[in-house]
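Under this note's numbering, the first residue of the sequence shown carries the number 96, and numbering increases by one thereafter.
For glycine and all other residues, C-beta sits at the position ideal for the given N, C-alpha and C.
The structure presented is a predicted model; accordingly, all values stated were derived computationally and were not measured.
Worksheet for the structure shown next.
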Amino acid sequence: MSEEITKIDTQELGEKIVKVLKTIYDPEIPVDIYELGLIYDVFVNEDNEVKILMTLTSPNCPVAETLPVEVEEKVKSLDMVRDAEVEITFDPPWTQDLMSEEAKLELGLL
96 MSEEITKIDT
106 QELGEKIVKV
116 LKTIYDPEIP
126 VDIYELGLIY
136 DVFVNEDNEV
146 KILMTLTSPN
156 CPVAETLPVE
166 VEEKVKSLDM
176 VRDAEVEITF
186 DPPWTQDLMS
196 EEAKLELGLL
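Quick look at the structure:
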């Protein structure tokens, strides 16, 4: 029973994290970082500690220093989150193929 509750809580928390991620925008592109495909994975353990694996549009991205901190702070602000950590990776490198259909439409790429 408690294992089932944990799964529900983790899923609910995952959905809340995605909602928060959708409020964060790359300042150069009018699309949120989730729809842009910058978020590769979100891990939530049983202690509600969150690890986010994400990338940037390029290694020379002007917000390389500030965007990961903003992501971490906004996710940490969720009541259910005990701690959050953001890891940046460029493997695989970001391409427009990672963007959602919605993002491509917004940017006139479809």
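Proximal residues to residue i (C-beta, below 6 Å), its chain only, five neighbours per side dropped
i: Ser195; result: Glu130
i: Met96; result: In this prediction, Met96 has a pLDDT of 42, which is less than 50 and means its spatial position is unreliable; what the coordinates show is noted afterwards. Nothing meets the Cβ criterion.
i: Lys111; result: Leu173
For residue i, the nearest candidate out of the options (CA to CA)
i: Lys117; options: Glu123, Thr161, Glu110 and Asp127; result: Asp127
i: Gly109; options: Val137, Ser153 and Ala159; result: Val137
i: Pro154; options: Asp186, Lys171 and Tyr135; result: Asp186
i: Glu133; options: Ser172, Leu204 and Val113; result: In the sequence as presented, Glu is not what sits at residue 133; that position holds Leu. When each option's Cα is compared against that of Leu133, the closest is Val113.
i: Glu107; options: Ala179, Tyr135, Asp121 and Asn143; result: Asn143
Proximity below 8 Å, CB of residue i to CB of residue j
i: Val170; j: Val145; result: yes
Neighbourhood of residue i by C-beta distance below 7 Å, restricted to the same chain and skipping five residues each side
i: Thr190; result: none
i: Ile119; result: Asp127, Ile128, Glu165, Val166 and Lys169
Opposing strand residues paired with residue i [DSSP bridges]
i: Tyr120; result: Asp127
Exercise for review: Note down, one range per segment and in chain order, each alpha helix (DSSP H) of at least 4 residues found wholly within the region 131-204.
Suggested key: Taking only runs of at least 4 residues, the alpha helix (DSSP H) segments lying wholly in the region 131-204 are 162-171 and 196-201.
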